[in-house]
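Everything on this sheet refers to the single structure shown next.
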Amino acid sequence: MSLSTHVLNTATGLPAAGLMVELYAEQATLVESGSTDTDGRHRFVAELEPGTYRLRFNTGAYLADTETPSLYPYVDVTFLVTGERGGTDGHLHVPLLLSPFGYSTYQGS
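Just add 39 to wherever you are in the sequence shown, counting from 1, and you've got our numbering.
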């Protein structure tokens, strides 16, 4: 299954461009890392097998670059890949809505 994310800064209403995001498999094994593009999106190259994964968003560094104080140095989102989630195209989308003192995530489409 393929994976993508989209990070929006809800305090500014803008995409979170240049935010470092890392994908980990079980046992904290780094699978892949990269940064969001100018639209706040990142599509991972790795194909995911069923299991437990974690996305680590480096929110503290991103907000520090914009000189914005923040409560969260990282946002970790742990999720399951079961083969039952995602669209019919075998894709899972995990967006992050971010502000300096809060965040929300959900399974997108």
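Backbone N, C-alpha and C define an ideal beta-carbon position, used for all residues, glycine too. As the structure is a prediction and not an experimental result, all values here were calculated from the model.
Separation of residue j from residue i, as counted between CA atoms
i: Glu106; j: Glu65; result: 34 angstroms
i: Pro89; j: Asp104; result: 36 angstroms
i: Ala67; j: Gly57; result: 23 angstroms
i: Gly99; j: Tyr92; result: 21 angstroms
i: Leu53; j: Arg80; result: 12 angstroms
i: Glu86; j: Pro139; result: 32 angstroms
i: Met40; j: Ala55; result: 25 angstroms
Status (buried if at least 16 other CB within 10 Å, exposed otherwise) for residue i
i: Gly129; result: exposed
i: Thr121; result: exposed
Whether residue i touches residue j by CB criterion (8 angstroms)
i: Leu47; j: Leu110; result: no
i: Arg82; j: Val60; result: no
i: Val114; j: Tyr142; result: yes
i: Val116; j: Leu131; result: no
i: Val133; j: Leu69; result: no
Which complete beta strand (DSSP E) runs does the region 48-75 hold, if anything under 3 residues is left out? The region 48-75 contains these whole beta strand (DSSP E) runs: 59-64, 68-74.
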